[in-house]
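Trainee: Residues in the sequence shown are numbered from 0 upward in steps of one, following numbering that gives the first Met the number 0.
Glycine included, C-beta positions come from ideal geometry on N, C-alpha and C.
My structure is below; once you've seen it, I'll send some questions.
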Amino acid sequence: MDLTLRLREATADLHRRIEQLPVAQAMIEGRIRREDYVRLLGQLHHVHSALESELTANKALHGVFRPSMVRLGAIRGDLSVLGAPLPPSPSAETAALICDVRDLSARAPWALLGCLYVVEGSRMGSMHLVKPLSRALGVTREPGCGLDYHLEGMTGRPLAWMKFKAALLAAPLDPLRETQIIDAAVRTMTGLHEIYEAVGRCGGRQSAVHLSGVDEPMMVVLKGEPV
Ligand code: HEM
């Protein structure tokens with residue numbers, strides 16, 4: 000079985016579990032509350048910020064990681080449009096995942112491709128979420144209206160996903176690197192499951208640790224909807 004199939008198999012059960020979480024169900028069914036969606040996006044802001052900066056710094060990975068995969072700007076724009084221009088502090092779940100991403104980057108940089116597999120793969124799900132999210136959030140499906148995180152790169156997504164997988168298979172990987180990539184994908188999917196679950200529990204526990212390089216804790220203020 001090739002690496003992409005092994006990745007899919009290793010994360011399939013976690014994917015099913017994420018889709019079944021109340022917050023994911025609320026997105027799929029177009030009834031997520033704006034404050035819950037903004038909380039989730041705020042946590043994803045920190046995850047993307049850490050992961051994208053590690054991927055950018057590891058030049059050896061640039062045959063697979065491309066500039067079009069950077070989505071921090073889209074998240075920032077969406078947060079601003081949705082009335083929460085300053086991201087909230089990272090929850091404990093987010094802080095734990097970020098620590099692991101940084102640890103991987105220092106110890107086994109190729110493993111970051113497993114993290115990238117998860118966030119790039121999630122863009123397949125984005126294609127199904129745009130419509131119900133626009134309904135739930137009361138925004139149009141136009142660029143710059145709060146849904147850029149899902150909309151960016153949506154045209155031609157299945158082809159882009161195939162190209163990503165082809166680039167991954169063409170990368171200079173040995174069995175150890177492949178195992179590290181699969182472990183990192185499972186860790187990332189588990190971490191995101193914890194983050195989604197915590198958002199459903201009302202924002203998650205607050206992070207007790209200060210993360211260097213992560214935006215300072217800030218208050219989320221939603222237009223007309225105090226959190
Ligand atoms: C919340 C609602 C979600 C829906 C409706 C959804 C839906 C989908 C769909 C339809 C696919 C394409 C499957 C295929 O090609 O056979 C997919 C793939 C994928 N999704 Fe999701 N998804 C969701 C959330 C997520 C999240 C939160 C993550 C990451 C934590 C994620 C990670 C992935 C990955 C990695 C793949 C690629 C699987 C592969 O073909 O290797 N998804 N998703």
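Using only the heavy atoms of ligand 1, determine whether one of them is closer than 7 angstroms to the beta carbon of Gly-3.
Mentor: Translated into positions along the sequence shown, residue 3 becomes position 4. Residue identity differs from the one stated: residue 3 is Thr in this sequence, not Gly. Because some heavy atom of ligand 1 lies under 7 angstroms away, the Cβ of Thr-3 counts as near it: yes.
Trainee: Are the stretch 152–161 and the stretch 114–128 touching by the rule of at least three beta carbon pairs closer than 8 angstroms?
Mentor: yes
Trainee: Check whether the stretch 2–13 touches the stretch 45–63, taking contact to mean three or more Cβ pairs, one atom from each stretch, closer than 8 angstroms.
Mentor: Segments in contact, no.
Trainee: Between the stretch 77–96 and the stretch 179–197, are three or more C-beta pairs nearer than 8 angstroms?
Mentor: In the pairwise beta carbon analysis, the stretch 77–96 is classified as touching the stretch 179–197: at least three pairs are separated by under 8 angstroms.
Trainee: Go through its chain and collect everything with a Cβ distance to Glu-8's Cβ below 6 angstroms, but skip five positions before and after it.
Mentor: By 1-based counting over the sequence shown, the position of residue 8 is 9. Correct list: empty, nothing qualifies.
Trainee: With hydrogens ignored, establish whether the beta-carbon of Gly-137 is closer than 7 angstroms to any heavy atom of ligand 1.
Mentor: Looking up residue 137 in the sequence shown gives position 138. It does not: the Cβ of Gly-137 is nowhere closer than 7 angstroms to a heavy atom of ligand 1.
Trainee: Helix, strand or coil for Ser-90 per DSSP?
Mentor: Here the question's residue 90 lines up with position 91 in the sequence shown. Three-state DSSP puts Ser-90 in a strand.
Trainee: What are the start and end residues of the alpha helix (DSSP H) that includes Cys-263?
Mentor: Nothing can be reported for residue 263: it is not among the residues displayed for the chain, which extend from 0 to 226.
Trainee: Measure how close the beta-carbons of Val-63 and Leu-2 come, nearest whole angstrom, since I'm counting them as under 8 angstroms.
Mentor: Position 64 of the sequence shown holds residue 63. Position 3 of the sequence shown holds residue 2. Not confirmed; about 11 angstroms, so no contact.
Trainee: Could you give the first and the last residue of the continuous alpha helix (DSSP H) run that contains Ile-31?
Mentor: Within the sequence shown, residue 31 is the residue found at index 32, counting from 1. No alpha helix (DSSP H) contains Ile-31, which DSSP labels as neither H nor E.
Trainee: From the DSSP output, in three-state form, read off Arg-65 for me.
Mentor: Taking the first residue of the sequence shown as 1, we reach residue 65 at position 66. Correct three-state label for Arg-65: coil.
Trainee: Given a cut-off of 8 angstroms on the beta-carbon distance, is the pair Asp-182 and Gly-82 in contact?
Mentor: Mapped onto the sequence shown, residue 182 falls at position 183. Mapped onto the sequence shown, residue 82 falls at position 83. No, these two residues do not count as a Cβ contact at 8 angstroms.
Trainee: By Cβ distance, which residues of its chain are closer than 7 angstroms to Arg-16, with the 5 residues on each side in sequence left out?
Mentor: Walking along the sequence shown from the start, residue 16 turns up at place 17. Within the same chain, and ignoring the five residues on either side of Arg-16 in sequence, the residues whose Cβ sits closer than 7 angstroms to its Cβ are His-192.
Trainee: Taking DSSP as the reference, what is the three-state secondary structure of Met-161?
Mentor: By one-based count along the sequence shown, residue 161 stands at place 162. Helix, per DSSP.
Trainee: Put Asp-12 into one of helix, strand or coil per three-state DSSP.
Mentor: Stepping through the sequence shown from its first residue, residue 12 is reached at position 13. In this structure, Asp-12 counts as helix in the three-state DSSP scheme.
Trainee: Following the continuous alpha helix (DSSP H) through Asp-77, name the residue where it begins and the one where it ends.
Mentor: Here residue 77 is taken as the residue at index 78 of the sequence shown, counted from 1. Counting along the chain, the alpha helix (DSSP H) containing Asp-77 begins and ends at 71–80.
Trainee: Among residues of its own chain, excluding the 5 on either side of Met-26, which ones have a beta-carbon nearer than 8 angstroms to its beta-carbon?
Mentor: To locate residue 26, count along the sequence shown from 1; it is residue 27. Excluding sequence neighbours, Met-26 sits near Tyr-36, Leu-128, Pro-131, Leu-132 and Ala-135.
Trainee: Could you round the C-beta distance between Tyr-195 and Leu-20 to whole angstroms and report it? I think they count as a contact, below 8 angstroms.
Mentor: Position 196 of the sequence shown, counting from 1, holds the residue named residue 195. Position 21 of the sequence shown, counting from 1, holds the residue named residue 20. Indeed they touch by this definition, with Cβ atoms about 5 angstroms apart.
Trainee: For Ala-73, tell me which candidate among Arg-200, Val-198 and Asp-147 has the shortest Cα-Cα distance.
Mentor: In the sequence shown, residue 73 corresponds to position 74, counting from 1. Checked all of Arg-200, Val-198 and Asp-147; the closest Cα to Ala-73 is Asp-147.
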